Ligand code: GDP
Ligand code: MG
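Here it is as structure tokens:
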């Protein structure tokens, strides 16, 4: 089997954000290179694993793809407790999803893990004609809150691998 340069296999990563922003689509694109126009809603939470090899280390992503919290406006702590990285997703065609993403970010920061790597992901950039959240708005929020920011499309695969490689690089750096 693969040999791990670092003990990253204990690390858990979590995907958060409004329903319909594309969390499941992002992880399916990353793990299986698949995409569905009619992605079924996630029930509860789904677990995925994927390995990334960098020059200096192998990083295993154990990903919780969450769902359902949208209704309660609060996170289920069991999914992000012990997480090394959190990916907060919004949909560029929905201002509401961007506002809600900011609430997830604040909730995660309240947990007080100073080593938590957080990525703010502006998904569905293929829907440029329907854009409601400007790149500048997402980027500025991310910079003010110490997050890594990237615009993606699970549909076209734009920046999906880059998102996870960037997180992997940061995980290696803080070890
Ligand atoms: P989740 O609820 O956050 O897990 O979102 P899903 O992954 O289930 O996606 C919700 C809907 O948005 C589905 O119909 C997807 O096909 C669609 N979707 C997801 N990502 C993208 C994207 O990058 N571009 C477009 N145009 N649609 C997307
Ligand atoms: Mg889902």
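In full-length UniProt numbering, the protein residues as written are 94 to 268.
For each residue, glycine too, the CB sits at the ideal point set by N, CA and C.
The structure displayed is predicted, hence computed values, not measured ones.
- Query: Can you give the beta carbon distance from residue 256 to residue 211, rounded, assuming they're within the 8 angstroms contact cut?
  - Reply: Contact doesn't hold; Cβ gap of about 12 angstroms is too wide.
- Task: Provide the residue span of the alpha helix (DSSP H) that contains residue 254, from first to last.
- Result: Taken as a continuous stretch (DSSP letters only), the alpha helix (DSSP H) holding residue 254 covers 253-267.
- As assigned by DSSP and simplified to three states, the class of residue 202: Assigned with DSSP and collapsed to three states, residue 202 falls in helix.
- Message: Does residue 100 pass the burial test, meaning 16 or more other C-beta atoms within 10 Å, or should it be called exposed?
- Response: Any reading at residue 100 must be qualified, since the residue scores a pLDDT of 44, below 50, and its modelled position is unreliable; no value is offered.
- Item | Residue span of the beta strand (DSSP E) that contains residue 110, given as start and end | Annotation for residue 110: the continuous beta strand (DSSP E) segment containing it runs 105-110.
- Where does residue 142 sit, in a helix, a strand or coil, going by DSSP? Looking at residue 142 - three-state DSSP - the assignment turns out to be strand.
- Query: What does a CB cutoff of less than 8 angstroms around residue 144 pick up in its chain, not counting 5 residues either side in sequence?
  - Reply: Leaving aside the five residues that flank residue 144 on each side, the residues in its chain whose CB is nearer than 8 angstroms to its CB run, in chain order, 95, 151, 152, 153 and 154.
- When DSSP labels each residue in this structure, what does residue 182 get in the three-state scheme? DSSP places residue 182 in strand when its eight states are reduced to three.
- Item | Residue environment, residue 130, which counts as buried when at least 16 other CB atoms sit within 10 Å | An exposed status is given to residue 130, since fewer than 16 other beta-carbon atoms sit within 10 Å of its beta-carbon.
- Task: Would you kindly report the start and end of the unbroken beta strand (DSSP E) that includes residue 213?
- Result: Start and end: 210-216.
- Query: Which first and last residues belong to the alpha helix (DSSP H) in which residue 242 is found?
  - Reply: Counting along the chain, residue 242 falls outside any alpha helix (DSSP H), though it belongs to the beta strand (DSSP E) covering 241-244.
- Message: Suppose the cutoff is 7 angstroms on Cβ atoms and the five residues either side in sequence are ignored; what does the same chain contact list for residue 251 look like?
- Response: Counting only Cβ-Cβ distances below 7 angstroms, and skipping sequence neighbours, we find 218 and 245.
- Count the other CB atoms within 10 Å of the CB of residue 222; is the residue buried (16 or more) or exposed (fewer)? Residue environment for residue 222: exposed (fewer than 16 other C-beta atoms within 10 angstroms of its C-beta).
- Query: Considering only C-alpha positions, which residue in the set 238, 191 and 242 is nearest to residue 224?
  - Reply: Minimum Cα distance to residue 224 is reached at 191.
- Item | Helix, strand or coil at residue 154 [DSSP, three-state] | It is a strand residue.
- Can you say whether residue 116 is buried or exposed, counting buried as having 16 or more other CB atoms within 10 angstroms of its CB? Residue 116 is buried by the Cβ-count criterion.
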